[in-house]
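Down below is the structure, laid out as structure tokens.
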Amino acid sequence: MWTDLHRRTAERKGLRYPSDLSEAEWRLVEPLIPPAKRGGRKRSINVREVLNGIFYVLSTGCQWKALPKDLPPKSTVYDYLDLWSWDGTLARIHHELYVSCREQAGREASPSVAIIDSQSAKAARKGGLQSTRRDMTRAKRSPAASDTSWSIRSA
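For the sequence shown, counting from 1, position 81 maps to 81 in my numbering; every step adds exactly one.
Spelled out as structure tokens, the structure:
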């Protein structure tokens, strides 16, 4: 249920873009971001701004080349998204936020019940290994498919 407290915490006023991280959100996410690799140059990019860039693209649906100039370059933002997806950082952030949201709501960290309706069960049955293999096999050529090319007169 939305209360005045919920409305105040969800308010996006004062942020450059509605997708930017607030101070409270950044405090939750910051410890989950891996430090820069040892050796080489020091990290010169603001990781919070990289996350703001990722969230901007995800929330607006804009193309990478349309990323505003006051955010890090599109190549930097995309490279961090790719790296964090590959090394599991995004999964860790998602899991940590998921658990904390459930605990804030007074629930256990992991759900104890799952509901599967008949439509979900039907959809799950259609997928799977057999149908994937069938879709990946080469289509057989119909003898009638080649008949059209010789029936067209050339001038």
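Beta carbons are placed, not taken as given, at the ideal position from N, Cα and C, and that holds for glycine.
Item, Value
"C-alpha distance - K13 paired with G40, whole-angstrom precision", "39 Å"
"Residue range of the unbroken alpha helix (DSSP H) whose run includes Q104", "89-104"
"Cβ-Cβ separation, K74 to W84 (assumed contact under 8 Å), whole Å", "In fact, because the Cβ distance is near 16 Å, the residues do not count as touching under 8 Å."
"Alpha helix (DSSP H) runs wholly inside the segment 13-97, at least 4 long, in chain order", "23-29, 47-60, 74-87"
"8 Å CB neighbourhood of D70 in its chain, flanking five on each side removed", "R16"
"Stretch pair the segment 18-33 + the segment 46-61: three plus CB contacts closer than 8 Å", "yes"
"Reduced DSSP secondary structure (H/G/I, E/B, other) of S110", "coil"
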